[in-house]
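Contents: one structure, followed by commentary.
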Amino acid sequence: MITGLAIWHYPHRTMADNIRYFAALGLKSVSVHGGQFVNAIYDEAVSEAIAAAVAETGVVFTVHYCLPRTHAPEAVAVFEEGIRDIAAWQKAHGRISVLSFDVPQPIRSGCGIGTYVDFVLENVPNCRIAVEDFGLTADEWAQIRHLKGNPRFGYLVDIGHMFIRMRGQNQSGKTLFTNSPDEHGAVDAPSAEDFGAALDSKEFPIFEMHLHNNDGVSDVHWFLEQGSMDIPAVAKALLARGFDGVLTVESAPGFRFECRGKDADEGIRKTLDYWKTCCEI
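If you count by our numbering, then the sequence shown holds residues 11 to 291, one letter each, in order.
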């Protein structure tokens, strides 16, 4: 298991400086926000600085982007432009290990996401492509069935979101928070066995996981030692399966709870130490 961090919640440092800062804390992977990354690499000096930081530290580098917000032509055009920019950076530097994507609710049905994923696979070389929390319904599965057996395509599973789905109490109406019987039946307090069974239900390989805590109802991205989810149970499930992909801690200071600057640094250091302890049990 390659433990890393989503570093986009620490804007008091540049992206390159964040890569070096968190690598110095012992993290083996960093994940950057796709939109921020695309904006950053417009500046050639910044683009080169990011590549240099990844090369110097040797971290596994993942980028978390988003598929088009809607199927509208203008939204698709913006998405494709961003993918071409990422592709150019990857061709120049070859440092992206996993390029993953949120799947907005408006495009989870209808004409589907298959053509967007195909576009990414065709344009961005030498990395794995993952979609987050998808394939939760028969309709979603049908959209990506043609990718079965493609070694470059798989899933990003967000354990915090999975916890909300498994409890079956979220009322947002969004598919990624709605209980999926194909994944796991509703259970109030998921155990290591429950998390393991949900992970085992996935029909594509899991390249990356996001991990954060919450109250089982709302997607608040708390630190790991906060909230209702049994983090040691998650660790036990992953270790039992020998998960060898990227585990990206996505606790998000400043997102839905006030915590910035030095407080964010201190909070994430504590939560990373807590996760390390959980993995030693």
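By construction, the Cβ of each residue, glycine as well, lies at the ideal position given by its N, Cα and C atoms. Treat the numbers as computed from the prediction; the structure is a model and nothing was measured.
Minimum C-alpha distance to H22 - residue among G159, A250 and P263: Counted from its first residue, the sequence shown places residue 22 at position 12. It is P263.
Could you give the uninterrupted runs of the alpha helix (DSSP H) lying entirely in the stretch 100-160, keeping only those of 4 residues or more? 124-133 and 148-154
Nearest residue (CA-CA) to S39, options V108, S228, S261 and G122: Locating residue 39 in the sequence shown gives position 29, where the first residue counts as 1. The shortest C-alpha separation from S39 is found at V108.
Terminal residues of the continuous beta strand (DSSP E) containing V219? Within the sequence shown, residue 219 is the residue found at index 209, counting from 1. The identity of residue 219 in the sequence shown is Met, whereas the question assumes Val. Note, M219: beta strand (DSSP E), I216 to L221.
Excluding five sequence neighbours on each side, which residues of the same chain lie with their C-beta closer than 7 angstroms to the C-beta of N180? For the purposes of this step, residue 180 is identified with residue 170 of the sequence shown, where counting begins at 1. Closer than 7 angstroms at the Cβ level, and outside the excluded window around N180, lie I174, F187, T188 and V227.
Using only alpha-carbon positions, find the residue among T80, M172 and I117 that is nearest to S201. By 1-based counting over the sequence shown, the position of residue 201 is 191. Of the listed residues, the one whose Cα sits closest to S201 is M172.
Please name the residue in M25, T72 and D95 whose C-alpha comes closest to that of S110. To locate residue 110, count along the sequence shown from 1; it is residue 100. The option with the nearest alpha carbon to S110 is T72.
Alpha-carbon spacing of F129 relative to F163, whole angstroms: Along the sequence shown, read from residue 1 onward, the residue named residue 129 stands at position 119. Along the sequence shown, read from residue 1 onward, the residue named residue 163 stands at position 153. Roughly 12 angstroms between the two C-alpha positions.
Which residues does DSSP list as the beta-bridge partners of S201? Looking up residue 201 in the sequence shown gives position 191. According to DSSP, S201 bridges with nothing at all.
Between which residues of its own chain and P116 is the CB-CB distance below 7 angstroms, once the five residues before and five after are set aside? Position 106 of the sequence shown holds residue 116. Leaving aside the five residues that flank P116 on each side, the residues in its chain whose CB is nearer than 7 angstroms to its CB run, in chain order, R79 and T80.
Could you pull out every unbroken alpha helix (DSSP H) segment of at least 4 residues lying fully inside the stretch 23-96, listed in chain order? 25-34, 44-50 and 54-67
Beta strand (DSSP E) containing Y20: first to last residue? Along the sequence shown, read from residue 1 onward, the residue named residue 20 stands at position 10. Element bounds for Y20: n/a, residue is neither H nor E.
Option in G122, N133 and H222 with minimal Cα separation from A82: The residue you call residue 82 lines up with position 72 of the sequence shown. If we check each option's Cα against that of A82, G122 comes out closest.
In the DSSP assignment, what residue or residues form a beta bridge with V256? If you number the sequence shown from 1, residue 256 lands on position 246. Answer by DSSP bridge pairing, in chain order: I12 and E218.
With burial defined as no fewer than 16 other Cβ atoms inside 10 Å of the residue's Cβ, what is the status of K158: buried or exposed? Your numbering for residue 158 matches position 148 in the sequence shown. Answer is exposed; the Cβ neighbour count stays below 16.
So, helix, strand or coil for F163, using DSSP? The sequence position of residue 163 within the sequence shown is 153, counting from 1. F163 falls in the strand class under three-state DSSP.
Whole-Å CB distance - L282 paired with E218, under 8 angstroms assumed: Mapped onto the sequence shown, residue 282 falls at position 272. Mapped onto the sequence shown, residue 218 falls at position 208. With 8 angstroms as the limit, L282 and E218 do not qualify as a contact, their Cβ atoms being about 17 angstroms apart.
If S41 sits next to L15, beta carbons under 8 angstroms apart, how far is it from one beta carbon to the other, in whole angstroms? Locating residue 41 in the sequence shown gives position 31, where the first residue counts as 1. Locating residue 15 in the sequence shown gives position 5, where the first residue counts as 1. Contact between S41 and L15 holds: their C-beta atoms lie close to 7 angstroms from each other, under 8 angstroms.
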